[in-house]
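Q: Before we start, here is the structure in question, set down as structure tokens.
Number of protein chains: 2
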Amino acid sequence: MDIEEITNSKGQLIDDAMNDVFKGNIPNLYDAIKYHIDTGGKRIRPILAILTYEALGKEPRNIAPFAAACEVLHNWILVHDDIEDGDKMRREKPTVWVKYGIAHGINVGDLMAHKVFELILKSDFDEKTILKLTEATMTAAIKTAEGQAMDINLRDNNSPTENDYMRMITGKTAHYLTLPMVGAAVAAGSKQDMINKMIEFGKFIGPAFQITDDVLDLTEGKGRGEIGRDIKEGKRSILVIHCLSKCTKEERKKIIEILNKSPEKTSSADVAFAKKLFEKYKSIEYARNKAESFAAQAKKIADTMPRNLKEILYFFADYLVKRKK
Amino acid sequence: MDIEEITNSKGQLIDDAMNDVFKGNIPNLYDAIKYHIDTGGKRIRPILAILTYEALGKEPRNIAPFAAACEVLHNWILVHDDIEDGDKMRREKPTVWVKYGIAHGINVGDLMAHKVFELILKSDFDEKTILKLTEATMTAAIKTAEGQAMDINLRDNNSPTENDYMRMITGKTAHYLTLPMVGAAVAAGSKQDMINKMIEFGKFIGPAFQITDDVLDLTEGKGRGEIGRDIKEGKRSILVIHCLSKCTKEERKKIIEILNKSPEKTSSADVAFAKKLFEKYKSIEYARNKAESFAAQAKKIADTMPRNLKEILYFFADYLVKRKK
């Protein structure tokens, strides 16, 4: 599957649906939304919804509003996350709150969060189906917020365990990442058994995604203008947790000290120190193996699905683990 | 109608519905929600939903989840508003972001925003009705966010007109304030004509509410620990707009200067100067008259409604304009 080719052929459907609900002309609101959405190009989530719906034998046009809703959901969560994490750059550009201020940043996210439901309610499905889509979306947003609270809490934890970490990332990602597929299956009238399998798939692919994210921060930089931003933010990444479980008492003291500094006070030398320690204890290798093992477990679930769905799930699993940003 | 008596008799229904969806034990999330909701006691919005539903001949228990949803909607908007406005006190207590930090503050609001829909989806109505309630709620939230963007924008406007102000407050309050009644009418299967009248009522009662709010900031303090907080925040209140339209060029320059200072840099002398100017030009009197005139217009719409509904709308109009906080 070639993601660019698919984006070219399906992108318009998604953009049309989004443009349909973002038509207002209030300054620092609809322009800010357009600014934010235009910074990200691949539209992997809505494409996943469309591909799944097609694989289930349905006409892609009908799922377009829900597919767009998945993209909007993804994007508003990023707008708020960037404020919560103090991230100034996203996809190599200033984040919404940096460009428009924190007040507008919060409000922009709030409007988008509700536009998600406007899109779903616009779908041309029967009422039962629309309600199910609303419920699946709301559930994903709630689980993500619960995971985010655990994530913020973990940053004050000086003895974080892999168990804490797994609970947090599973909460944050499992439902959220699989929503496009789950919604497409709901809309196509698939049996609950298949939907459950997709959520189960998410419980493995979500952690695979997040662990890959942790590694990318230290290797590629994730479009945030620097390498090792997570260290500055004090994130208890899988690298941190693994390293803490292996290092000496002195090293432990030093690394916690670095993580607990405010981002502005964390120096490049601090980041380099942490990185060196991760290398010493092979924490990056550990994380990569873990991500691959989760992806492999996710694929085992995909193996029990119909062939054309399996293909999509394999593609998604590979995409999440092998991406470079 | 005695609001305390009604709160005592219906409060439990509402609290039970809220407790039903706020059961998690993730620190800095569910405890923060409980903290915030417990600071406000009167539950005027959910009571309005219940009273309206009863007045339409229905059993109050069925509307309880939607009534609770209105209270949660109201409260999450306040959580985010307090961050956006930099308000440190609400209902005489530290605001959520002051107590739990900005990151948790945003996330708490996001979770609550979705719990609103969880409550609505839990209602024991048919699917069509639940969808209509979802749509009315989503629309109110969208209009409120649009109004909020205009509000934030207005603070950078040095020549604000009453027209700008009216557009902003009508956006921010008309749908939002009438949602409890509109939802109750939708759930009771009322005709569209009655629902339209309620929204029309909101277009007068919303401004009456907001203008009263502007006056209260300068007279009673609105539970934010000080008098004149709006001046510190640079809000273009009706008092500011009226005063600017009457005062001399010098006074105009001085008042804009005060409003454009950051809240920390605005002194008590600055607030006193503005207050004195509002008195000089009778801006407070102007605002009070305006609020009363809007309330009177709202009541004229109420006069065209069935007697027991009219009674509720009159009560609500009086409550909003005559309240002391």
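Chain order of the listed sequences is A and L.
Numbering follows my numbering, with no gaps: position 251 of the first sequence is 251.
Numbering follows my numbering, with no gaps: position 192 of the second sequence is 1192.
Idealized CB from N, CA, C, for every residue including glycine.
1. Taking the alpha carbon of Val98/A as the point to measure from, which residue in Lys115/A, His80/A and Asp110/A has its own alpha carbon closest?
2. Could you check what DSSP says for Arg167/A in three-state terms: helix, strand or coil?
3. With DSSP as the reference, please indicate the residues paired to Lys93/A in a beta bridge.
4. Can you tell me which of Met89/A, Tyr314/A and Asn260/A puts its alpha carbon nearest to the alpha carbon of Phe201/A?
5. Mapping the DSSP letters down to three states, classify Pro207/A as helix, strand or coil.
6. I need the straight-line Cα distance from Ser283/A to Gly40/A, nearest angstrom please.
7. Have a look at Glu4/A, Glu5/A, Ile37/A and Gly57/A and flag the residue whose alpha-carbon is nearest the alpha-carbon of Asp15/A.
8. For the alpha helix (DSSP H) containing Thr1134/L, name the first residue and the last one.
9. Which full runs of the alpha helix (DSSP H) of 4+ residues lie inside the segment 1235-1311 of chain L, going along the chain?
10. Between which two residues does the alpha helix (DSSP H) holding Ser123/A run?
11. Going along chain A, which residues have a C-beta under 9 Å from Pro1094/L?
12. When the Cβ atoms of the segment 42-59 of chain A are set against those of the segment 169-186 of chain A, are three or more pairs found closer than 8 Å?
13. In angstroms, rounded to a whole number, what distance separates the CA positions of Ile205/A and Ser1009/L?
14. What does His175/A reach in chain L if we use C-beta pairs closer than 7 Å?
15. Count the other C-beta atoms from every protein chain shown that fall within 10 angstroms of the C-beta of Glu59/A, then say buried if there are 16 or more, exposed otherwise.
16. Does Glu1127/L get closer than 7 Å to chain A when you measure Cβ to Cβ?
17. Helix, strand or coil for Ile1227/L? Go by DSSP, reduced to three states.
18. Closer than 7 Å, Cβ to Cβ, to anything on chain L: give me those residues from the segment 127-141 of chain A, in chain order.
19. Check the Cβ of Gly1189/L against every Cβ in chain A and list those closer than 9 Å, keeping chain order.
20. Could you tell me how far apart the beta carbons of Ile26/A and Met1150/L are, in whole angstroms, since I believe they sit closer than 8 Å?
21. List the endpoints of the continuous alpha helix (DSSP H) containing Ile6/A.
22. Considering only the alpha carbon of each residue, which of Glu1092/L, Lys1122/L, Leu1029/L and Lys1115/L lies closest to His1074/L?
23. What in chain L is Cβ-close to Gly206/A, meaning under 8 Å?
24. Just to confirm my understanding: we take Lys310/A, look at its own chain, exclude 5 residues before and 5 after, and list those with CB closer than 7 Å. What are they?
25. Identify each residue in the segment 262-277 of chain A for which the Cβ-Cβ distance to at least one residue of chain L is less than 7 Å, and report them in chain order.
26. Less than 7 Å between CB atoms is the rule here; does Pro1065/L satisfy it with respect to chain A?
27. Quick one: does Asp1110/L have its CB under 7 Å from some CB of chain A?
28. Going by C-alpha to C-alpha distance, which of Ile1047/L, Thr1212/L, Asp1193/L and Ile1227/L sits closest to Leu1218/L?
29. Taking CB distances under 7 Å as the criterion, tell me whether Leu1073/L reaches chain A.
30. Which residue wins for smallest C-alpha separation from Ile1169/L, given the options Thr1129/L, Ala1103/L, Ser1237/L and Met1112/L?
31. DSSP three-state call for Ala1032/L: helix, strand or coil?
32. Pop quiz: Ala1145/L and Asp110/A are said to be a contact at Cβ under 8 Å. What is the actual Cβ separation, rounded to whole angstroms?
33. Show which residues of chain A have a CB atom less than 7 Å away from the CB atom of Glu973/L.
34. Quick check: what's the CA-CA separation for Arg1323/L versus Asn1158/L?
35. Candidates Phe1316/L, Lys1299/L and Lys1290/L: which alpha carbon is nearest Tyr1165/L's?
36. In whole angstroms, give me the CA-to-CA distance for Ala49/A and Thr1129/L.
A: To lay it out plainly:
1. His80/A
2. helix
3. Arg90/A
4. Tyr314/A
5. helix
6. 30 Å
7. Ile37/A
8. Glu1127 to Leu1154
9. 1238-1246, 1249-1260, 1268-1280 and 1283-1302
10. Note, Ser123/A: premise wrong, no alpha helix (DSSP H); not H, not E.
11. Result: empty, since nearest Cβ-Cβ is about 18 Å, beyond 9 Å.
12. yes
13. 49 Å
14. Those within 7 Å of His175/A in chain L number zero; the least Cβ separation is about 12 Å.
15. exposed
16. yes
17. coil
18. Glu127, Lys128, Ile130, Leu131, Thr134, Glu135, Met138 and Ala141
19. Correct list: empty, because the minimum Cβ distance to chain A is about 15 Å.
20. 6 Å
21. Ile3 to Val21
22. Lys1115/L
23. None at all; the shortest Cβ gap to chain L is about 17 Å.
24. Ala302 and Asp303
25. none
26. no
27. yes
28. Ile1227/L
29. no
30. Ser1237/L
31. helix
32. 5 Å
33. This structure does not reach residue 973/L, given that chain L is present from 1001 up to 1325, and the question cannot be answered.
34. 30 Å
35. Lys1290/L
36. 27 Å
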